[in-house]
Structures are given as structure tokens and as C-alpha cells.
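Undergrad:
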Amino acid sequence: MTDLAASSAQLPWDHPRSAGGARLLVEVGRVHGLRPDQCLSRSGLAEAEMADPATVVEATQELTIARNLIEHLGDRPGLGLEVGQRYRFSSFGVWGFAILSSTSAREVARLGVRYSPLSFAFIEPFIEQDEHELRVVLNEHDIPADVRDFFVEREIAKLAQLLPLGLGSAAGIRFETAFTGKRAAVLAERFPGVPISRGERHLLALDAAILDLPLPQADPVTARELENQCAALLQSRRSRRGVAAGVRERILARLADPPSMEETAAALHIDPRTLRRHLTAEGTSYRELTDEVRAVMADELLRNAHLTVAEVGRRLGYHDAAGFTRAYKRWTGTTPKQRQPRGTRD
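Taken in order, the sequence shown gives residues 270 to 615; the numbers are from the numbering used here.
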């Protein structure tokens, strides 16, 4: 099973988010000479949507944009850092303002972890604590391998840049990273004012001495109000993807023989007309979801140099390479062969 096949609403990063993270990816691509359409290829997103604060995107769409950057620019150390350094507290909306209003570093850590789905994170954060420090571990193991280092870099850059501002100082903050070689060196160069050491895991640590000190912009009443807004927004995002996510799960479970809309409606215990109406309200259709799942899985499988185009097609329910090639070109505007790594067997 591929990384994406394992995800389908099971992985911590697989949740809807605003388009802000995707927009910053496109901005960095533009700095490096890429056109927006190159960055957004296969994501199903248009450039105009990036400027709309109401746009909500799926994690897989943001992941696709990151893959496009890496495909064009290479998985170079520091590319994720470059994206992460573009974030401001305002980039995160209500979550960012809640962090700024927090009463203590301990509260910053609690809010940050509890509402991390509002932060564009692909890592899964969790808290450890002993008498010396509180550690926020950045668990990266569920991120697809080809973009894992990129998204970890992005997360560390966000934290290393913004946390000292939110806490009023870098004192008592340190990072550990499992990066080695050039990637570790570039990280240290970008953030000379923050202690970064080699470790077995990626983590942020806050010294026990600073955990309960009052913060410069603390506002307890505003903080409570903003946390309530975070909770409501998180619930709204999760409920928004309910029907479409259920459809994706069922298509993903039967890639070689996707269920009909009637079969899926029955599995979801709703009428087919009701299913169609829900999907229309979410801006999609059953056909579009089927194509989306197949297209994303096709990209995953084509990266496996051990599979031919025909073998990938068979896994997706196509009886011959020609039929799969036509479908893939309709989805992406390019051919499966162009997508495969060099040296893949025919």
C-alpha cells in the first residue's frame, strides 16, 4: 500500500485547510522562475483561488503543489525552510492570533498542538514533559517519503521564526533535528539565533523556567474567545469534508473496480440523489472524485520504478496501457511515461 492509500482520513495531515499554505508554495515557486500553472499542475486548483481567503483546499492538493516544486527545483536542502520563513502569525488566521494572545509558553504549546490542523502542518505534534523542559515532538513518520524532509523543514522554519516573536525572546527555546549533512547545515545557517542540535527526532523544547512566565501580548479574555473560535473552525472544517471524504475512502478501497454512485450511497446510508446534492454543495461530483483519487494514486504508483505503465493501469482498473494513458492525459495534460522516473522499464 502506498503512502496515500494508507491515508484516506486516517493520517493526521489529511484534513482541509485554508489556501494560505498553498499560496506561499506558489509564491516560492514564482521566486524560482516557475509559473503558477506549473506549481498548481494536477492539484485541481486555479491561481485565482489562491487569493480568496474563503478558499479551502484538501491536504492532498497542497501536497501535490509541494511535489511540483520539488519536481521542478529538486529536493534541495533549504527549500522547505524558504517556504516556512514566509509565514507570519497573520498567515494562520484565528489560530495565529490565539497563539499571540496566550498567557504563557505552556499555553502556546497546548494551543499549538491541540489546534495544529489549523496551522497547515503535515507533521503530527505531541507533547512530552519532564522536570527540565516541555518538548513538542514533530512526528513526521506519516508524511509521504518524497516530501517528508520538505515539510519538516517548513515546520521547523515556521516555529524557529515565529516562536521567539510570540514569546518575546528566544531565551529558553531550543530545537533538535534528525537532519544531517547539508540539510542540517542550512538549517543552522538560517536560524543562528536559535540553538539547534542533532538528535534522534525533530522537536522543539521549552525550558521549564519560562513555561509559566507572562507573555508580552497576553490577553486571557481574548485568548479564551479565540480558542472558542479555533474549536468552531476546526469542527466546521472537519464536518465540511464528511461526505466527500467518505466517497474518497470507498473509491480508494476499490481502485481497480470503483463502486458506482448507487453502491457508495448505500454504504453511506443515504439516497443517491442526496449524495449527489451533498457533493454539489461541496463543489464536486462523483465523477470528479473518482478521477481525483485515480489521478493521485496514479502519480504515486508511477513514481515506483518497478511498475510499468500497463501495470499501473491494471491496478487502477484499466485493461491496457492505451486506455490508462488516455485517462491519465485527460486528468493531468501529460502522459504516464513522462511522469515516470528515468530508467523505468517498459
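Just so it is clear, CB atoms sit at the ideal spot from N, CA and C, and this is done for glycine as well.
#1: Do you know offhand how far Asp-344's Cα is from Phe-460's?
#2: Hey, is Pro-483's beta-carbon within less than 7 Å of any beta-carbon in chain B?
#3: Taking buried to mean at least 16 other C-beta atoms within 10 Å of its own C-beta, is Gly-381 buried or exposed?
#4: Alpha carbons only, please: which of Arg-517, Ser-371, Arg-423 is nearest the one belonging to Arg-355?
#5: Using a threshold of 7 Å, state whether the C-beta atoms of Phe-358 and Gly-365 are closer than that.
#6: Count the C-beta pairs between the segment 447 to 464 and the segment 369 to 388 that are closer than 8 Å, then say yes if the count reaches three, no if not.
#7: Please list, in chain order, all residues of the same chain as Leu-303 whose beta carbon is under 6 Å from its beta carbon, the five residues on each side excluded.
#8: As a quick exercise: from Pro-413, Val-490, Ala-447, Pro-483, pick the residue whose alpha carbon is nearest that of Ser-466.
#9: For Arg-608, count neighbouring C-beta atoms within 10 Å of its own C-beta (all shown protein chains included) and say buried if the count is 16 or more, exposed if not.
#10: On the DSSP letters alone, give me the boundaries of the alpha helix (DSSP H) that Asp-415 sits inside.
#11: Just the C-alpha distance for Asp-411 and Ala-328, rounded to the nearest angstrom, thanks.
#12: Between Ile-479, Asp-488, Ala-478, Gly-552, which has its C-alpha nearest Ala-514's C-alpha?
#13: Using three-state DSSP, classify Asp-488 as helix, strand or coil.
#14: In the structure shown, what three-state DSSP assignment does Ser-466 receive?
#15: Where Gly-450 and Asn-408 are concerned, what is the direct C-alpha to C-alpha distance, given to the nearest angstrom?
#16: Take Leu-363 and list the residues in its own chain whose beta-carbon comes closer than 8 Å to its own, dropping the five residues that flank it on each side.
#17: Taking only three categories from DSSP, how would you classify Ala-374?
#18: Mapping the DSSP letters down to three states, classify Glu-239 as helix, strand or coil.
TA: So, from the listed chains and residues:
#1: 20 Å
#2: The structure shown contains no chain B; it is built from a single protein chain.
#3: buried
#4: Arg-423
#5: yes
#6: no
#7: His-341
#8: Ala-447
#9: buried
#10: 414 to 436
#11: 13 Å
#12: Gly-552
#13: coil
#14: strand
#15: 20 Å
#16: In the sequence as displayed, the identity of residue 363 is Val instead of Leu. So the list reads Leu-387, Leu-495, Gln-498, Cys-499, Leu-502, once near-sequence residues are dropped.
#17: helix
#18: Nothing in the structure corresponds to residue 239, since the chain is present only between 270 and 615.
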